[in-house]
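Student:
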Amino acid sequence: MISVRKQALACQDGTIRTIQYSIPVVHSLYRDRYAFRESISDVVIQHLLTEQKARIKCRDVVKKIAVFKNRLAIQLSDRVLVYDSAADDPLDMHYRIQHKLLKNFECQLLVVTAHHIVLCQECRGQKEREWVLDSPVRYIRQLGGPPTRESLIVGMESGQTVKITLNSVFPVPLIRVGCAVKCLDLSCNRDKLAVIDESNTLSVHSLRTKEILFREPEAASVAWNQINNEILCYSGPDALHVKAGEFPSHQQAVDVSEHFLLC
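Numbering of the sequence shown is given in the UniProt record's numbering, commencing with residue 1 and proceeding in unit increments.
Pasting the structure below:
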């Protein structure tokens, strides 16, 4: 996701020029917590249910952000900072620094879990495990799980999706779609996978039978309900769709374009 901006310049020769430049949007979402980069060097964390916000001033370029439960990881130019809020208070927004990793990690995506930073860097900076996949990774979704045994689902440029568990060296293949994966999510019973590919086509697959249960064009993002295995939410052009089981989708118009959905 990229933010495109324009700037006008007045020159000494009397001409006016405009420059168009793009700034990648750096953000992360886990359930009811959303973190995003602001002013290049600040990180804002928002609780989506209470609408409370907290700001962390990093005084350096924020390269990547990852959120998981009460944990927040921020990658700067030469280090990674790991913050925690109170684990026993789901509404606490006071983040305190817990770890400083004084290394420059070159990675496309950053994921944080209870005890690890993925791609596979233990909290003291020691590489513990590495997975070599047959195609570049385009999307990672954090599924949670017991500490040190959390699971991830990964979508690749080849269209293949896999499930990775942090204490296992073997990725588990799930399903393959026709082109690169743009977004994906797994239902709460772990039996249905929703995938949006590069053509913006949403397809819902049964992991038991491998059949396609539902397909919809012009989708941007998707999320399963965390309690009801039959409820799926996805976004389209200026609209939010909610689908329950075999019933037709319910559509609601929205006047802003959202990138992530919390169902």
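Every residue, glycine too, gets a C-beta built ideally from N, C-alpha and C.
1. Using 10 angstroms around the beta-carbon of Phe170, count the other beta-carbons present and answer buried if the total reaches 16, otherwise exposed.
2. Helix, strand or coil: how does DSSP classify Phe105 here?
3. Could you check the C-alpha separation between Ile40 and Cys233 for me, to the nearest Å?
4. Since Ala180 and Val112 are thought to touch, with beta carbons under 8 Å apart, how far apart are those beta carbons, to the nearest angstrom?
5. Cα separation between Arg55 and Arg33?
6. Do Cys188 and Ile196 come within 8 Å of each other at the CB atom, strictly closer than that value?
7. Report yes if the C-beta distance between Trp224 and Ala244 is below 8 Å; otherwise report no.
8. Excluding the 5 residues preceding and the 5 following Cys199 in the sequence, name in chain order all residues of the same chain whose CB lies nearer than 7 Å to its CB.
9. Starting from Pro24 and walking both ways along the beta strand (DSSP E), at which residues does that stretch end?
10. If we ignore side chains and look at the alpha-carbon of each, how far apart do residue 266 and Gln12 end up?
11. Are the beta-carbon atoms belonging to Arg17 and His27 less than 8 Å from one another?
12. Classify Met156 as helix, strand or coil using the three-state DSSP reduction.
13. Can you give me the C-alpha to C-alpha distance between Arg129 and Pro146, rounded to a whole angstrom?
14. For Cys263 and His241, what's the separation of their Cα atoms in angstroms?
15. I need the DSSP call for Asp185, collapsed to helix, strand or coil.
16. If you draw a straight line from the alpha carbon of His116 to that of Leu102, how long is it in whole angstroms?
17. Give the straight-line distance between the Cα atoms of Phe68 and Thr161, rounded to the nearest whole angstrom.
18. Identify the continuous beta strand (DSSP E) that holds residue 284 and give its terminal residues.
19. Does the separation of the CB atoms of Arg96 and Asp84 fall below 8 Å?
20. With DSSP run on the structure shown, which of helix, strand or coil describes His27?
Tutor: In short, the structure shows the following:
1. exposed
2. coil
3. 31 Å
4. Their Cβ separation, rounded to whole angstroms, is 24 Å, which puts Ala180 and Val112 out of contact at 8 Å.
5. 13 Å
6. no
7. no
8. Residue 199 is actually Ser in this sequence, not Cys. Contacts found: Cys179.
9. Ile16 to Pro24
10. Residue 266 falls outside the range modelled here, since the chain spans only 1 to 263, and no answer is possible.
11. no
12. Here DSSP, grouped into helix, strand and coil, assigns Met156 to strand.
13. 17 Å
14. Caution applies to Cys263, whose pLDDT of 44 falls short of 50 and renders its modelled position unreliable; the model cannot decide the point.
15. strand
16. 15 Å
17. Cα to Cα, the separation comes out at about 21 Å.
18. Because the chain in this structure spans residues 1 to 263, residue 284 falls outside the shown range and cannot be described.
19. yes
20. Three-state result, His27: strand.
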